[in-house]
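**Q** Here it is, the structure, as structure tokens.
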Amino acid sequence: MIPIPEATDIPEATIHKALTKLSWKLLKKEIDKLSLHKRPLELLQVVMRSDSLINKRKNLDKSKKRDVLLNELINYIEIKTKGKHLEAFKKKLGFFTIADECFSEILEFEGKLSALKDLTPATRIWATLNWFIGDANTLQKKIADEFLGPEPVLFNTLSVPGESGEPIDPSSYHAQQVGALGSAILMEAYRNNWFDPDGTVVIPDKVETSEEEIFKSGSIFYNANIWALIDDLQEQVRFLGRDFFIHSKDKYTNPPGDFKFGIEFGENTDAEIFDHVAGVRNNTRESSNFFSFKRDKQLNSFLDATAAITGSHSVKEHYLASSSLSVLLNYNILEDETIYEGLTLTEWIEGFCGLREYCSKLHSSSAAADEKPLGSELISFTRESILEHLMSRGASQESAANFIDNITFHRKARDLFDSPLIKTSSGYAVVSDILLDSVASRVIASNILSRKGEFKLKGGGLESTLKDIFNTNGIDAVSYKRKFPEPEGEFEYDTLALWDNKLFVMECKNRWLCEGRPVAIYNYLKQTRSDIAQVNRLITGIKSHPEMVSAAFGRNVSYDEIIPCVVGGLPHAMLDSISGIYFTDISIISRFFSKRYFDVEFGDENDGDSILLYDQWNADKPSVSEFLKAISRPVQIILALGGTDFKIVETAVGSSIHLKSKLISSKHLDLSAYKELVSQL
Numbered sequence: 000m001i002p003i004p005e006a007t008d009i010p011e012a013t014i015h016k017a018l019t020k021l022s023w024k025l026l027k028k029e030i031d032k033l034s035l036h037k038r039p040l041e042l043l044q045v046v047m048r049s050d051s052l053i054n055k056r057k058n059l060d061k062s063k064k065r066d067v068l069l070n071e072l073i074n075y076i077e078i079k080t081k082g083k084h085l086e087a088f089k090k091k092l093g094f095f096t097i098a099d100e101c102f103s104e105i106l107e108f109e110g111k112l113s114a115l116k117d118l119t120p121a122t123r124i125w126a127t128l129n130w131f132i133g134d135a136n137t138l139q140k141k142i143a144d145e146f147l148g149p150e151p152v153l154f155n156t157l158s159v160p161g162e163s164g165e166p167i168d169p170s171s172y173h174a175q176q177v178g179a180l181g182s183a184i185l186m187e188a189y190r191n192n193w194f195d196p197d198g199t200v201v202i203p204d205k206v207e208t209s210e211e212e213i214f215k216s217g218s219i220f221y222n223a224n225i226w227a228l229i230d231d232l233q234e235q236v237r238f239l240g241r242d243f244f245i246h247s248k249d250k251y252t253n254p255p256g257d258f259k260f261g262i263e264f265g266e267n268t269d270a271e272i273f274d275h276v277a278g279v280r281n282n283t284r285e286s287s288n289f290f291s292f293k294r295d296k297q298l299n300s301f302l303d304a305t306a307a308i309t310g311s312h313s314v315k316e317h318y319l320a321s322s323s324l325s326v327l328l329n330y331n332i333l334e335d336e337t338i339y340e341g342l343t344l345t346e347w348i349e350g351f352c353g354l355r356e357y358c359s360k361l362h363s364s365s366a367a368a369d370e371k372p373l374g375s376e377l378i379s380f381t382r383e384s385i386l387e388h389l390m391s392r393g394a395s396q397e398s399a400a401n402f403i404d405n406i407t408f409h410r411k412a413r414d415l416f417d418s419p420l421i422k423t424s425s426g427y428a429v430v431s432d433i434l435l436d437s438v439a440s441r442v443i444a445s446n447i448l449s450r451k452g453e454f455k456l457k458g459g460g461l462e463s464t465l466k467d468i469f470n471t472n473g474i475d476a477v478s479y480k481r482k483f484p485e486p487e488g489e490f491e492y493d494t495l496a497l498w499d500n501k502l503f504v505m506e507c508k509n510r511w512l513c514e515g516r517p518v519a520i521y522n523y524l525k526q527t528r529s530d531i532a533q534v535n536r537l538i539t540g541i542k543s544h545p546e547m548v549s550a551a552f553g554r555n556v557s558y559d560e561i562i563p564c565v566v567g568g569l570p571h572a573m574l575d576s577i578s579g580i581y582f583t584d585i586s587i588i589s590r591f592f593s594k595r596y597f598d599v600e601f602g603d604e605n606d607g608d609s610i611l612l613y614d615q616w617n618a619d620k621p622s623v624s625e626f627l628k629a630i631s632r633p634v635q636i637i638l639a640l641g642g643t644d645f646k647i648v649e650t651a652v653g654s655s656i657h658l659k660s661k662l663i664s665s666k667h668l669d670l671s672a673y674k675e676l677v678s679q680l
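Residue numbering for the sequence shown follows numbering that gives the first Met the number 0, starting at 0 and increasing by one per position.
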């Protein structure tokens with residue numbers, strides 16, 4: 000069960016402002032004004048979410064002021080609450096110093112490595128980029144080898160041998176390495192002050208690097224990976240409440256002489272796990288949509304004809320990005336004239352298609368005529384050349400410039416998927432596979448959201464789709480709205496569905512997935528809390544004014560149970576109910592009605608077959624009890640959870656800190672494992 004954060008009226012922004020100034024006087028003023036000492040644990044959670052209390056780079060003056068502030072807070076709580084919550088405060092607030100030590104240790108350790116001392120900053124950064132290229136190509140070779148094997152490959156559980164010989168999820172590994180590369184670039188940028196006034200990272204122009212220098216840079220990449228891991232774990236502790244334990248030197252066998260401490264993180268939170276499951280399901284859906292598109296000969300013929308007439312080389316890519324983004328957002332994005340960071344969504348797609356078209360040509364030209372292009376390589380070009388190319392495709396100079404600036408890596412960029420352009424002293428560099436193999440629709444949406452942009456929270460398309468599914472299957476479903484005098488106000492019902500004396504009250508929510516980001520997961524949980532309050536209000540409205548239901552359906556109706564649901568546009572669902580409310584998504588509902596069986600298909604359109612796994616209906620028509628089972632214990636979630644692994648990682652942070660944690664990943668499941676899972680449903 001996922002714990003939903005309790006509602007609070009604590010002014011978080013005001014508390015964080017006082018913490019940013021490291022002022023006990025300002026913080027105490029706010030605590031006393033609202034008597035927050037009476038709610039110490041709520042106050043503690045708000046303090047933990049203050050980013051300003053984390054020092055990723057050593058700052059002795061700031062650390063000293065922070066420690067004074069937090070000690071004052073601990074002493075104050077001890078007096079006001081008679082020490083009841085003192086241990087929780089000491090442990091939680093002490094985590095800020097622990098996190099600082101981890102970040103500082105990485106930078107100090109890297110500075111001591113003799114293998115890197117003879118490398119100039121320019122050589123270090125370009126050797127690191129080349130190390131990533133080699134690692135990415137090795138991964139691609141392993142994936143190709145898996146497809147040459149005798150057994151059918153299931154995309155959502157594909158695994159390849161890791162360095163230790165243990166199977167790893169290539170998608171998760173690649174995403175982790177891309178994140179680590181971004182961290183490596185930022186670490187070098189901070190070390191050498193490679194930022195322009197706007198916060199854009201500007202690295203030196205390309206320099207040639209030897210095999211030995213590339214080999215040496217692997218240690219940079221290792222440290223960057225640890226940096227990214229700690230950054231994620233510290234946010235899990237601060238925003239999601241993940242537990243942690245500090246161990247002293249005597250717990251370890253033969254620790255180094257300068258050993259500081261060991262940190263072990265508790266179990267992964269349910270919120271993280273269900274977010275991971277949502278990501279797996281979304282990737283599976285996108286893969287399925289892609290291969291469905293590939294098999295649609297009529298559509299492909301039409302797009303090929305369009306490309307021939309227009310001379311465009313990216314008609315199919317544009318279509319895929321537009322249709323995928325429309326599906327993800329549940330409205331036609333071609334009709335959305337909203338400006339997102341200076342561009343409409345159509346202009347964002349045009350920009351990505353143009354950039355990928357341009358880089359694909361450079362990528363292909365690097366290979367000999369009789370060879371295939373490398374899977375991953377570094378591509379360099381000038382700003383003028385890419386601007387000219389984008390404008391030749393119809394973009395205005397302003398929109399082309401906006402697009403380039405939006406996807407250039409900067410101080411606050413989420414990762415290189417969102418911002419694949421790396422600015423150099425005289426132009427740009429791109430890691431080809433990061434740009435060319437990414438999903439354009441997701442990259443665009445993630446880039447916009449990371450800049451605090453917002454899409455439409457409730458598209459009419461989601462409501463219409465939900466009602467159409469029910470009505471098509473002989474189940475009456477309508478929308479309804481009625482306004483009463485205050486204080487009751489307006490009641491708006493997205494979908495009311497009557498099925499066998501059950502009244503389904505369904506609230507539609509069109510929210511983006513969190514994709515592993517702890518802060519986003521926390522905000523998602525806050526939105527879930529608001530959903531619960533909203534749906535409960537709608538239920539209260541029906542109970543107070545039962546005539547609304549008959550008015551909605553245009554006839555007298557009766558029912559013996561109200562079943563509340565929140566239906567998401569993207570594949571994020573939870574097991575069982577929360578506060579009596581089911582949290583499901585449109586793909587689960589659509590799949591339940593559209594296809595009775597869960598099976599595994601293999602082969603092609605000429606020689607295909609399938610293996611039956613699960614029967615959702617157990618009869619010729621679905622029943623309401625089976626539908627309730629589908630939304631409370633979805634097969635999709637059970638299968639995804641069965642394919643979820645928890646890998647224990649033990650690693651050194653620098654030379655004097657030991658870290659232990661469980662990381663969420665995917666594991667390989669064969670057909671027998673799938674059958675075992677569904678047999679338990």
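Heads up, the beta-carbon is just placed ideally off N, CA and C, and yes, glycines get one too.
Since S445 and R413 should fall inside the 8 Å C-beta cutoff, what is the C-beta to C-beta distance between them, to a whole number of angstroms?
**A** 7 Å
**Q** Quick test of your reading: L435 and S359, contact by CB under 8 Å. State the CB separation rounded to the nearest angstrom.
**A** So it is a contact: roughly 6 Å between Cβ atoms.
**Q** With a cut-off of 8 Å, do at least 3 Cβ pairs link the stretch 468-479 to the stretch 488-499?
**A** yes
**Q** Where do the N-terminal and C-terminal ends of the beta strand (DSSP E) with T423 fall, by residue?
**A** 421-423
**Q** Which parts of the stretch 452-508 are runs of the alpha helix (DSSP H), unbroken and 4 residues or longer, counting only runs that do not cross its ends?
**A** The qualifying runs are 459-471.
**Q** For a test of the three-state rule: what should DSSP assign to A368, helix, strand or coil?
**A** Note that A368 has pLDDT 44, beneath the 50 cutoff, so the model's placement of it is unreliable and the number below is only indicative. Correct three-state label for A368: coil.
**Q** If you drop the 5 nearest sequence neighbours on each side, which residues of the same chain put their C-beta closer than 6 Å to that of V430?
**A** none
**Q** Mind checking V177: buried by the 16 CB within 10 Å criterion, or exposed?
**A** V177 comes out buried.
**Q** Tell me which residue opens and which closes the alpha helix (DSSP H) that L327 is part of.
**A** 314-328
**Q** Taking the alpha carbon of A519 as the point to measure from, which residue in A629, R450, E41, Y318 has its own alpha carbon closest?
**A** Of the listed residues, the one whose Cα sits closest to A519 is R450.
**Q** Do you know offhand how far V279's Cα is from K63's?
**A** 43 Å
**Q** Whole angstroms is fine: what's the gap from R48's alpha carbon to D530's?
**A** So the two alpha carbons sit approximately 22 Å from each other.
**Q** Leaving out the 5 sequence neighbours to the left and right, which residues in its chain are closer than 7 Å to A368 when beta-carbon positions are compared?
**A** Bear in mind that the predicted position of A368 carries a pLDDT of just 44, short of 50, making it unreliable; the figure below should be weighed with that in mind. The same chain holds no residue with a CB closer than 7 Å to that of A368 once the five nearest residues on each side in sequence are set aside.
**Q** Could you say which of D195, E100, K422, T80 lies nearest to W125 if we only look at CA atoms?
**A** K422
**Q** Measuring CA to CA, which of E649, K594, Y521, Q615 is closest to P4?
**A** Y521
**Q** Please confirm if the stretch 228-237 is in contact with the stretch 261-275, defined as three or more CB-CB distances below 8 Å between the two stretches.
**A** yes
**Q** With the cut-off set at 7 Å, would you say D220 and A183 are in Cβ contact?
**A** Note on residue identity: the sequence assigns Phe, not Asp, to residue 220. Yes, they are a contact pair.
**Q** Have a look at I385 and G374 and give me their C-alpha separation to the nearest angstrom.
**A** 22 Å
**Q** Around the C-beta of V45, are 16 or more other C-beta atoms found within 10 angstroms, so that it is buried, or is it exposed?
**A** Buried, since its Cβ has 16 or more Cβ neighbours within 10 Å.
**Q** Just the C-alpha distance for S593 and N617, rounded to the nearest angstrom, thanks.
**A** 15 Å
**Q** Can you tell me whether A304 is buried or exposed, with buried defined as 16 or more other CB within 10 angstroms of its CB?
**A** The Cβ neighbour count for A304, taken over all protein chains shown within 10 Å, is under 16; the residue is labelled exposed.
**Q** Using the rule of at least 16 other Cβ atoms within 10 Å of the residue's Cβ for burial, across every protein chain shown, is A179 buried or exposed?
**A** buried
**Q** Determine whether the beta carbon atoms of I406 and S425 lie at a separation below 7 Å.
**A** no
**Q** My assumption, with CB atoms under 8 Å, is that L344 sits in contact with L324. Please give the rounded CB distance.
**A** 7 Å
**Q** Ignoring anything shorter than 4 residues, give me the alpha helix (DSSP H) runs that lie fully in the stretch 219-300, in order along the chain.
**A** 269-294
**Q** Return the residue from the list A672, K628, G198, S624 that minimises the CA-CA distance to L612.
**A** A672
**Q** Does DSSP put V159 in a helix, a strand or coil?
**A** strand
**Q** With a threshold of 16 other CB atoms inside 10 Å of the CB of G393, please say whether the residue is buried or exposed.
**A** Exposed is the label assigned to G393, since fewer than 16 other Cβ atoms lie within 10 Å of its Cβ.
**Q** Kindly indicate the opening and closing residues of the beta strand (DSSP E) around V648.
**A** Taken as a continuous stretch (DSSP letters only), the beta strand (DSSP E) holding V648 covers 643-652.
**Q** In the DSSP assignment, what residue or residues form a beta bridge with A428?
**A** S379, I421
**Q** Considering only DSSP beta bridges, list what V200 is partnered with.
**A** F194
**Q** Classify E187 as buried or exposed, calling it buried when 16 or more other Cβ atoms lie within 10 Å of its own Cβ.
**A** buried
**Q** How long is the line joining the alpha carbons of S578 and T309, rounded to whole angstroms?
**A** 55 Å
**Q** Give a yes or no on whether the C-beta atoms belonging to L597 and V634 are separated by under 7 Å.
**A** Reading off the sequence shown, one finds Phe at residue 597, where the question assumed Leu. Yes, the Cβ-Cβ distance between F597 and V634 is below 7 Å.
**Q** Could you tell me the distance, in whole angstroms, from the CA atom of K91 to the CA atom of D31?
**A** Answer to the nearest angstrom: the Cα atoms are 21 Å apart.
**Q** Tell me the rounded alpha-carbon separation between K371 and N136.
**A** Unreliable positioning characterises K371 in this predicted model, as indicated by a pLDDT of 49, which lies under 50. The coordinate reading is nonetheless provided below. The straight-line gap from Cα to Cα measures roughly 13 Å.
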